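First to last, the sequence lines map onto chains Z and R. Take 39 as the starting number for the first sequence in my numbering and just add one per residue. Take 39 as the starting number for the second sequence in my numbering and just add one per residue.
There are 2 protein chains.
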Amino acid sequence: MQRRDFQAGLIAALAAALSSPATAQTGGKATSAHEETGHDMSQMPASWTGKEQIGMLVYPEFTALDLMGPQYMFASLMGAQVRLVARSRDPVRSDTGVVVVPDMTFDECPKVLDILFVPGGSVGTLNAIRDDATRNFVAERGAQAKLVTSVCTGSLLLGAAGLLEGYRATSHWVTRELLPLVGATPVDARVVRDRNRITGAGVTAGLDFGLAIVEQLRDREYAQAVQLLAEYAPKPPLNSGTPRSAPPKVRRMMTDMFAGFMQKARVALEARPQRK
Amino acid sequence: MQRRDFQAGLIAALAAALSSPATAQTGGKATSAHEETGHDMSQMPASWTGKEQIGMLVYPEFTALDLMGPQYMFASLMGAQVRLVARSRDPVRSDTGVVVVPDMTFDECPKVLDILFVPGGSVGTLNAIRDDATRNFVAERGAQAKLVTSVCTGSLLLGAAGLLEGYRATSHWVTRELLPLVGATPVDARVVRDRNRITGAGVTAGLDFGLAIVEQLRDREYAQAVQLLAEYAPKPPLNSGTPRSAPPKVRRMMTDMFAGFMQKARVALEARPQRK
Numbered sequence: 039m040q041r042r043d044f045q046a047g048l049i050a051a052l053a054a055a056l057s058s059p060a061t062a063q064t065g066g067k068a069t070s071a072h073e074e075t076g077h078d079m080s081q082m083p084a085s086w087t088g089k090e091q092i093g094m095l096v097y098p099e100f101t102a103l104d105l106m107g108p109q110y111m112f113a114s115l116m117g118a119q120v121r122l123v124a125r126s127r128d129p130v131r132s133d134t135g136v137v138v139v140p141d142m143t144f145d146e147c148p149k150v151l152d153i154l155f156v157p158g159g160s161v162g163t164l165n166a167i168r169d170d171a172t173r174n175f176v177a178e179r180g181a182q183a184k185l186v187t188s189v190c191t192g193s194l195l196l197g198a199a200g201l202l203e204g205y206r207a208t209s210h211w212v213t214r215e216l217l218p219l220v221g222a223t224p225v226d227a228r229v230v231r232d233r234n235r236i237t238g239a240g241v242t243a244g245l246d247f248g249l250a251i252v253e254q255l256r257d258r259e260y261a262q263a264v265q266l267l268a269e270y271a272p273k274p275p276l277n278s279g280t281p282r283s284a285p286p287k288v289r290r291m292m293t294d295m296f297a298g299f300m301q302k303a304r305v306a307l308e309a310r311p312q313r314k
Numbered sequence: 039m040q041r042r043d044f045q046a047g048l049i050a051a052l053a054a055a056l057s058s059p060a061t062a063q064t065g066g067k068a069t070s071a072h073e074e075t076g077h078d079m080s081q082m083p084a085s086w087t088g089k090e091q092i093g094m095l096v097y098p099e100f101t102a103l104d105l106m107g108p109q110y111m112f113a114s115l116m117g118a119q120v121r122l123v124a125r126s127r128d129p130v131r132s133d134t135g136v137v138v139v140p141d142m143t144f145d146e147c148p149k150v151l152d153i154l155f156v157p158g159g160s161v162g163t164l165n166a167i168r169d170d171a172t173r174n175f176v177a178e179r180g181a182q183a184k185l186v187t188s189v190c191t192g193s194l195l196l197g198a199a200g201l202l203e204g205y206r207a208t209s210h211w212v213t214r215e216l217l218p219l220v221g222a223t224p225v226d227a228r229v230v231r232d233r234n235r236i237t238g239a240g241v242t243a244g245l246d247f248g249l250a251i252v253e254q255l256r257d258r259e260y261a262q263a264v265q266l267l268a269e270y271a272p273k274p275p276l277n278s279g280t281p282r283s284a285p286p287k288v289r290r291m292m293t294d295m296f297a298g299f300m301q302k303a304r305v306a307l308e309a310r311p312q313r314k
């Protein structure tokens, strides 16, 4: 591959994905990117484009940020079709109050996904676990997807759908200890890969998770460009993002706060119907 | 303040904000949080709650992640009313394809906001700059808001509305050099504060920005708890998030990619109507 081709390809790919989402979504020719950059898409190396079908579950009271970090990263994958999938096309309210409109229903979702993604939440995730239609959708698409993925407590829903039995996985730090209830081995890491299961830790881990998947599906240089575009050089103003780094008092507040939720989560996971 | 009160307050506040968004949004009593945690809201120290009116602008092809990081952080402010505001209540498509439903129109938005927030985008932001209704909304609410804020290229829209004249500010690294066109002094930092203007750098800087504002509006311990809840201990799998850390080739690709956009942005900013 010529260096010029490579460079033109990345520019065109990113320009298409980022300045012309409609084009990228439909997988059509990125004419607007071409017009904008003057680069010819036909020079793009084959390895820079894909036709990934990516289905991102949404359900009432999901945590929007769990999904939006990965969605930004996935949307940068030139050629990929990134869709929000829900029980119906009705708008879905997240746990912080943002309302999103799904792109398709469970029935409309392709049977074979390249990536199935499940975001977390708190009470909403337990309701999703109890909902047959949602749990069955996750189980069925998860059985066929090339990558079965989640961020935060989304791994509890993957687990309830029988997809983490015998796998190493992670979850929000508060709920990681629940993973054995669904047959998974908890791992204390920001992103955990075991065969085709990729799980991220709590909420903001979705950015590290998403960027890691971009690198896996394209390559390092592509992912570096996406990281630079996202200006992803985080500088948290405080150092309290893990149970170890947080002041003990703050950590205790948080575990106290979730005591009731954890009890409900255990009940929901233990009561889940077992699939044959 | 008793330590127990303090702790109960934070637990109740976070539980209300995060497990009962509808309650938090309407500013009503957080009965569900109370039921969940067993903590009495009446014990919450006054300093832990607020009645902030937060208006977050959305416009066609805004960058969803620019907004969703700060929205997560703002939604954790107990008592705050966090709303997405747009020209109309019609669903708005972001530049990565996510569709959100605004909570209110420009006309319905409170005249005096505690926080006015403007997300970035690329072509969409230039269209917003050219749109009289959007630019005037930003100018009018910005003139009265306690905090006038943006992430990414949102600062170009703040500037086009005349709100950054004589202020230090930041923007996405690619567009930072445009800030002098609107009378602002560009600063190379993730979050820039100058009096009541708070601007964040590109896309993911919204998390650092949002957490810094939580600390400013509540206090350190509150913000530490929110950071722990968000598990915000980032570990990017690559080190390419700034023009300095990115490989020169990747940086060049990106500046090449945005050459056309930068030209259009200069035209849009120079052509903006001056407000009297």
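Where a beta carbon is used, it is the ideal one built from N, C-alpha and C, also for glycine. All values reported here derive from a predicted model rather than from experimental measurement.
Query	Result
Can you pull out the residues from the stretch 237-269 of chain Z whose beta carbon lies closer than 8 angstroms to at least one beta carbon of chain R?	Ala239, Gly240, Val241, Thr242, Ala243, Leu245, Asp246, Leu249, Ala250, Glu253, Arg258, Glu259, Ala261, Gln262, Ala263, Gln265, Leu266, Leu267, Ala268, Glu269
When the cut-off is 8 angstroms and only beta carbons count, does tryptophan 211(R) lie next to chain Z?	yes
Indicate the three-state DSSP secondary structure (helix, strand or coil) for phenylalanine 296(Z) in the structure shown.	coil
Quick one: residues in its chain with C-beta nearer than 6 angstroms to the C-beta of threonine 87(Z), no 5 flanking neighbours on either side, listed in chain order?	Met116, Gly117
Using only alpha-carbon positions, find the residue among Pro285(Z), Leu267(Z), Lys184(Z), Gly158(Z) that is nearest to glycine 197(Z).	Gly158(Z)
Along chain Z, which residues have their Cβ under 7 angstroms away from the Cβ of methionine 142(R)?	Going along chain Z, no residue has its Cβ under 7 angstroms from methionine 142(R), so there is no contact; the nearest lies around 12 angstroms.
I need the boundaries of the beta strand (DSSP E) containing threonine 187(R), first residue and last residue.	185-189
Would you grab the beta carbon distance between glutamate 90(R) and histidine 210(Z) for me? Rounded to a whole angstrom, and I think it's under 8 angstroms.	Actually they are not in contact, since the Cβ atoms of glutamate 90(R) and histidine 210(Z) sit about 26 angstroms apart, beyond 8 angstroms.
Hey, how far is the Cα of alanine 171(R) from the Cα of asparagine 277(Z)?	41 angstroms
Assuming alanine 306(R) contacts leucine 164(R) under a Cβ cut-off of 8 angstroms, what Cβ separation, rounded to an integer in Å, is found between them?	4 angstroms
Near isoleucine 167(R), what residues of its chain come up, given a Cβ to Cβ distance below 8 angstroms and the 5 sequence neighbours on each side ignored?	Arg173, Leu194, Leu195, Ala198, Ala306, Leu307, Arg310
If serine 160(Z) and phenylalanine 299(Z) are in contact, beta carbons under 8 angstroms, what's the gap, nearest whole angstrom?	6 angstroms
Would you kindly report the start and end of the unbroken beta strand (DSSP E) that includes aspartate 232(Z)?	229-232
For alanine 303(R), which residues in the same chain have their Cβ closer than 7 angstroms to its Cβ, ignoring the five residues on either side in sequence?	Leu164, Leu194, Thr213, Leu216
Is the separation between the beta-carbon of valine 139(R) and that of valine 139(Z) shorter than 8 angstroms?	yes
Use the C-beta contact count for threonine 293(R): other C-beta atoms within 10 angstroms, 16 or more gives buried, fewer gives exposed.	exposed
By Cβ distance below 6 angstroms, which residues in the same chain neighbour threonine 242(Z) in space, the five residues on each side in sequence not counted?	none
Residues bridged to arginine 121(Z) by DSSP?	Gly93(Z)
What number of angstroms, rounded off, separates the C-alpha of leucine 266(R) from the C-alpha of arginine 289(Z)?	8 angstroms
Residues of chain Z with CB under 7 angstroms from lysine 273(R), in chain order?	Arg228, Asp246
With a floor of 4 residues, list each alpha helix (DSSP H) that falls wholly inside the stretch 193-261 of chain R, ordered by position along the chain.	243-255
Would you grab the beta carbon distance between glycine 107(R) and leucine 103(Z) for me? Rounded to a whole angstrom, and I think it's under 8 angstroms.	7 angstroms
Would you identify the three-state DSSP class for leucine 154(R), choosing helix, strand or coil?	strand
Is arginine 289(R) helix, strand or coil when you go by DSSP?	helix
Counting only C-beta atoms, is glutamine 109(Z) closer than 8 angstroms to chain R at any point?	yes
In its own chain, which residues sit with a C-beta less than 7 angstroms from the C-beta of phenylalanine 144(Z), not counting the 5 before and 5 after it?	Val123, Arg125, Ala171, Phe175
Going along chain R, which residues have a C-beta under 7 angstroms from alanine 113(Z)?	Thr134, Gly135
Please confirm whether valine 138(Z) has its beta-carbon closer than 8 angstroms to some beta-carbon of chain R.	yes
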